[in-house]
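Novice: The structure follows.
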Amino acid sequence: MIVSGHVSGLGPCAADQKPFTTMPISYDRAYGGVDEHEKRPGKIRTYPDNPIGVGYYPLSRGALLVGRPLANLHPIGKDASRRKGGYRPLSFGPMSRNFKTRIAYAGTYDQKWMDQQAPFSLMTSTIGTFNVPRRTSRCRTPWAEKK
Numbered sequence: 002m003i004v005s006g007h008v009s010g011l012g013p014c015a016a017d018q019k020p021f022t023t024m025p026i027s028y029d030r031a032y033g034g035v036d037e038h039e040k041r042p043g044k045i046r047t048y049p050d051n052p053i054g055v056g057y058y059p060l061s062r063g064a065l066l067v068g069r070p071l072a073n074l075h076p077i078g079k080d081a082s083r084r085k086g087g088y089r090p091l092s093f094g095p096m097s098r099n100f101k102t103r104i105a106y107a108g109t110y111d112q113k114w115m116d117q118q119a120p121f122s123l124m125t126s127t128i129g130t131f132n133v134p135r136r137t138s139r140c141r142t143p144w145a146e147k148k
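Be aware that the sequence shown starts at 2, since it is given in my numbering, and climbs by one per residue.
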């Protein structure tokens, strides 16, 4: 993972990286985010792999990209500067329940569920719904085992 200084704008609108001394390695600094169409306020696109990130601007064009932040965290050899996606967000931070990789743990929501389980929705969820770190960062046990 590369951690870069703050950059804003895309293409000819891009500004130079700003130097930094510390940077949180969290998903709000990784590629992703939400973009809303300028002329059609109800038209919104969200990057499902990281809905809280920056740099995903599929509906914005031209001058609307000036000053928009780009991701500070990206894979080695890639600068994550395409506005339409295709990047895996990188971070060591916790993932919210609305991330694409976490939604699968939330259970199903068919009519039977609505009729019988909706008031008790946690009954259909698995432990993965509440286990915040990504799968590769989880501990097998929450405490150290004595040998």
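For glycine and all other residues, C-beta sits at the position ideal for the given N, C-alpha and C.
What three-state label does DSSP hand Leu65 in the structure shown?
Specialist: Counting from one through the sequence shown, the residue named residue 65 turns up at place 64. It is helical.
Novice: Please classify Ser92: is it buried, with 16 or more other beta-carbons within 10 angstroms of its beta-carbon, or exposed?
Specialist: For the purposes of this step, residue 92 is taken as residue 91 along the sequence shown, with counting starting at 1. So Ser92 ends up on the buried side.
Novice: Taking just the CA atoms, how far does Leu74 sit from Gln112?
Specialist: On the sequence shown, position 111 is the one that residue 112 refers to. On the sequence shown, position 73 is the one that residue 74 refers to. Going by the C-alpha atoms only, they are around 41 Å apart.
Novice: Does DSSP put Tyr110 in a helix, a strand or coil?
Specialist: Along the sequence shown, one-based indexing puts residue 110 at 109. Reduced to three states, the DSSP call for Tyr110 is coil.
Novice: Taking 8 Å as the cut-off, does the segment 92-103 touch the segment 60-70 (at least 3 CB pairs, one atom from each stretch)?
Specialist: no
Novice: DSSP state of Lys19, grouped into three classes?
Specialist: Here residue 19 refers to the residue found at position 18 when the sequence shown is read from its first residue. In the structure shown, Lys19 sits in a strand (DSSP, three-state: E or B).
Novice: Under DSSP, the beta strand (DSSP E) around Ile45 begins and ends at which residues?
Specialist: Against the sequence shown, residue 45 aligns to sequence position 44. From DSSP, the beta strand (DSSP E) with Ile45 extends over 45-47.
Novice: So does Phe93 have its beta carbon nearer than 7 Å to some heavy atom of the ligand MN?
Specialist: The ligand MN is absent from the structure shown, which contains no ligand whatsoever.
Novice: Drop a sphere of 10 angstroms on the beta-carbon of Gly6, count the other beta-carbons inside from all chains shown, and report buried for 16 or more, exposed for fewer.
Specialist: Against the sequence shown, residue 6 aligns to sequence position 5. Counting Cβ neighbours within 10 Å, Gly6 comes out exposed, since fewer than 16 surround it.
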